[in-house]
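Residue numbers are given in the numbering used here: position 332 of the sequence shown equals residue 332, and the series is strictly consecutive.
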Amino acid sequence: GDDMTDIFAAFHAQGSQAMMKKFYIGDLIPESVEHKDQRQIDFEKGYRDLRAKLVMMGMFKSSKPYYVYKCSFNMSMWAVAVAMVYFSDSLAMHIGSALLLGLFWQQCGWLAHDFLHHQVFSHRKYGDLVGIFWGDLMQGFSMQWWKNKHNGHHAVPNLHNSSLESQDGDPDIDTMPLLAWSLKQAQSFRAMNADGKDSTFVKYAIKFQAFTYFPILLLARISWLNESFKTAFGLGGSTENAKLELERRGLQYPVLEKVGITLHYAWMLVLSSGFGRWSLAYSMMYFFTATCSSGLFLALVFGLGHNGMAVYDATTRPDFWKLQVTTTRNIIGGHGIPQFFVDWFCGGLQYQVDHHLFPMMPRNNIAKCHKLVESFCKEWGVKYHAVDMFDGTVEVLSHLQNVSDEFLVEMVKDFPAM
1 GDDMTDIFAA FHAQGSQAMM KKFYIGDLIP ESVEHKDQRQ IDFEKGYRDL
51 RAKLVMMGMF KSSKPYYVYK CSFNMSMWAV AVAMVYFSDS LAMHIGSALL
101 LGLFWQQCGW LAHDFLHHQV FSHRKYGDLV GIFWGDLMQG FSMQWWKNKH
151 NGHHAVPNLH NSSLESQDGD PDIDTMPLLA WSLKQAQSFR AMNADGKDST
201 FVKYAIKFQA FTYFPILLLA RISWLNESFK TAFGLGGSTE NAKLELERRG
251 LQYPVLEKVG ITLHYAWMLV LSSGFGRWSL AYSMMYFFTA TCSSGLFLAL
301 VFGLGHNGMA VYDATTRPDF WKLQVTTTRN IIGGHGIPQF FVDWFCGGLQ
351 YQVDHHLFPM MPRNNIAKCH KLVESFCKEW GVKYHAVDMF DGTVEVLSHL
401 QNVSDEFLVE MVKDFPAM
């Protein structure tokens, strides 16, 4: 098993430790942990002390006026997008509305993210209910589907599944056969074939993945809508892990999730039809412009946060802090993109390193937290990575190309007769 101390602290409110008493079996003898030297033990104590300091500073307390402002601004974006359809017959205005709606969905994603990480309310049910509003109703994304997927990602970012059948890795990099983030992942599908070779599809998908990366991002929202609908209406889990959770616990809010997603498609049908004025082809154009742009806007930030960073096997993973820092990159302004735009567009996830270390810290405090994290990393010689959006994208595409090159070289070595 793994030490759960820091993962538990990252995801649970103060007082949750009391619930662990029924699982108590004994105290760990420090001397029995042979793979940690004294410096590692001191390092772990250091970052736990830093967390305690942040708690004492009130950094985990949200600003309610800040979130009222963010929610109001988001709804104003939605209202403007609707008005551009209702009051205009201009094609340019309708395309603008679709792109604004795509951006609105992206910003809804950041708000749902904050509320469902329980950054805003101390009472978790309130965060869940607001998360259903911004997730199910406004985006069409199931709250429970997102929680299952995202919490797993936070626990083991950029960690491979130990086998094709296992569910112990990061679901966000479980992208085969379309994309591979390491040579091991690129070759993982060989075990599915009787001859132990790569399928024709895998060969071409991995060979050209640096070119197909952005087209795939355009379709990301469609995939998430499908997985959310299946989860909310009991049509199957998006992963084996999600399926197991649904079988054991069911939906936490079955009625609200179904109603929220149904109402989402209802208002989207009205808007995408131009309030009944448009043809089917025109309506489809509007819907897919909004949906694909949103998928790109969302996945662009996700990709910059983790893609192209270190990838680990279960046997080589470092401690919690180093795992979060080495698999994550922060985003800064640059190449003509101002910092204030990065801050707004990325919705707090420009401080991806800091967010992964303290996922329950509200967005309004994360910039102040960053200075302390930066100081701590320098003190202990732990490097974290920060680049602008342009350079980060180049890094992601370069990493994909490097994996492709390694894959092709190894394929020729393994099967020289090909």
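C-beta atoms are modelled at their ideal positions from N, C-alpha and C, and glycine is treated no differently. On a predicted model such as this, the values are computed, not experimentally measured, just so you know.
Distance, Leu-296 Cα to Ala-314 Cα
Rounded to the nearest angstrom, the gap between the Cα atoms of Ala-314 and Leu-296 is 30 Å.
Can you tell me which of Val-373, Pro-215 and Glu-257 puts its alpha carbon nearest to the alpha carbon of Ser-228?
Nearest C-alpha to Ser-228 among Val-373, Pro-215 and Glu-257: Glu-257.
Continuous alpha helix (DSSP H) stretch holding Ala-10: start and end:
Unbroken alpha helix (DSSP H) run through Ala-10: 5-11.
Are there 16 or more other CB atoms within 10 angstroms of the CB of Gln-187, so buried, or fewer, so exposed?
Buried is the call here.
Within 8 Å, strictly: CB atoms of Ser-63 and Pro-362
Taking a C-beta distance under 8 Å as the contact criterion, Ser-63 and Pro-362 qualify as a contact pair.
Just the C-alpha distance for Ser-272 and Ser-76, rounded to the nearest angstrom, thanks.
Near 18 Å, if we compare the C-alpha coordinates of Ser-76 and Ser-272.
Pick from Cys-377, Cys-346 and Asp-388 that is closest to Leu-50, judged by C-alpha positions
The candidate whose alpha carbon is nearest that of Leu-50 is Cys-377.
On the DSSP letters alone, give me the boundaries of the alpha helix (DSSP H) that Ala-98 sits inside.
For Ala-98, the enclosing alpha helix (DSSP H) starts and ends at 91-116.
Residues in the same chain with beta-carbon distance under 6 Å from Gly-348, minus the five sequence neighbours each way, listed in chain order, please.
Once the five neighbours on either side are set aside, the close Cβ partners of Gly-348 are Arg-363 and Ile-366.
The alpha helix (DSSP H) that contains Asn-151, what's its start and end?
Start and end: 143-155.
Tell me whether the beta-carbon of Ala-299 lies closer than 8 Å to the beta-carbon of Gly-102.
Their beta carbons are not under 8 Å apart, which means Ala-299 does not touch Gly-102 by this criterion.
Would the beta-carbon of Ser-97 fall within 8 Å of that of Ala-79?
In terms of Cβ geometry, Ser-97 and Ala-79 do not form a close pair [threshold 8 Å].
Take every Cβ of the segment 171-182, pair it with every Cβ of the segment 204-224, and state whether three or more of those distances are shorter than 8 Å.
Cβ pair count under 8 Å is three or more, so yes.
What runs of the beta strand (DSSP E), each 3 residues or longer, lie entirely inside the segment 183-218?
Positions of the beta strand (DSSP E) runs, each at least 3 residues long and wholly inside the segment 183-218, cannot be given because no such run exists.
According to DSSP, simplified to helix, strand and coil, what is Val-120?
In the three-state scheme derived from DSSP, where H, G and I count as helix and E and B as strand, Val-120 is classed as coil.
CB contact flag (His-153, Lys-184, <8 Å):
Taking 8 Å as the cut-off, the beta carbon of His-153 is found no closer than this to the beta carbon of Lys-184.
Taking buried to mean at least 16 other C-beta atoms within 10 Å of its own C-beta, is Phe-8 buried or exposed?
Classification of Phe-8: exposed, given that the 10 Å Cβ count is below 16.
Short check: CB of Gln-139 to CB of Trp-105, under 8 Å?
For Gln-139 and Trp-105, yes; Cβs fall inside 8 Å.
I want to see whether chain B comes within less than 8 Å of Asp-354, judged by CB atoms only; does it?
The displayed structure is made up of one protein chain only, and chain B is not part of it.
Given Tyr-47 as reference, the closest of Val-412, Trp-224 and Lys-322 once Cα atoms are compared:
The candidate whose alpha carbon is nearest that of Tyr-47 is Lys-322.
Among all the DSSP beta bridges, which residues are the ones paired with Ala-386?
Ala-386 pairs with Asn-330.
When Met-4, Ala-205 and Asp-37 are compared against Ala-155, the one with the closest alpha-carbon
For Ala-155, the closest alpha carbon among the candidates Met-4, Ala-205 and Asp-37 is that of Met-4.
So what does DSSP say about Ile-29, is it helix, strand or coil?
In the three-state reduction of the DSSP assignment, Ile-29 falls in the coil class, being assigned neither a helical nor a strand state.
Quick check on DSSP: helix, strand or coil for Tyr-312?
Annotated three-state conformation of Tyr-312 is strand, per DSSP.
Among Phe-390, Gly-237 and Phe-358, which one has its Cα closest to the Cα of Gly-336?
Proximity to Gly-336 across Phe-390, Gly-237 and Phe-358 peaks at Phe-390, based on C-alpha coordinates.
By Cβ distance, which residues of its chain are closer than 6 Å to Leu-357, with the 5 residues on each side in sequence left out?
Closer than 6 Å at Cβ, skipping near neighbours: Gln-324.
Evaluate Glu-245 with the Cβ neighbour count: other Cβ atoms within 10 Å of its Cβ, from every protein chain shown; 16 or more gives buried, anything less gives exposed.
Its Cβ being crowded by 16 or more others within 10 Å, Glu-245 is buried.
Where DSSP assigns a beta bridge to Ile-337, which residues make up the other side?
Its beta-bridge partners are Gly-334.
For Leu-300, which of helix, strand or coil comes out of DSSP?
Helix, per DSSP.
Extent of the continuous alpha helix (DSSP H) to which His-370 belongs
Following the DSSP letters along the chain, one finds His-370 inside the alpha helix (DSSP H) bounded by residues 366-380.
Apart from the five residues just before and just after Ala-386, which ones in its own chain have a Cβ nearer than 6 Å to its Cβ?
Cβ within range, chain order: Asn-330 and Ile-332.
How many angstroms separate the CA atom of Arg-190 from the CA atom of Asn-158?
Using only the alpha carbons, I get a separation of about 21 Å.
On the criterion of 16 or more Cβ atoms from any shown chain inside 10 Å, does Arg-277 qualify as buried, or is it exposed?
Under this definition Arg-277 is an exposed residue.
When we look at the beta-carbon of Gly-305 and count the other beta-carbons within 10 Å, is it buried (16 or more) or exposed?
The residue in question, Gly-305, is buried, as its Cβ has 16 or more Cβ neighbours within 10 Å.
In its own chain, which residues sit with a C-beta less than 7 Å from the C-beta of Thr-239, not counting the 5 before and 5 after it?
The beta carbon of Thr-239 lies closer than 7 Å to those of Gln-167 and Pro-171 in the same chain, with the five residues before and after it left out.
Which residue from Leu-137, Lys-36 and Ala-52 puts its Cα closest to that of Leu-111?
Nearest in C-alpha terms to Leu-111, of all of Leu-137, Lys-36 and Ala-52, is Leu-137.
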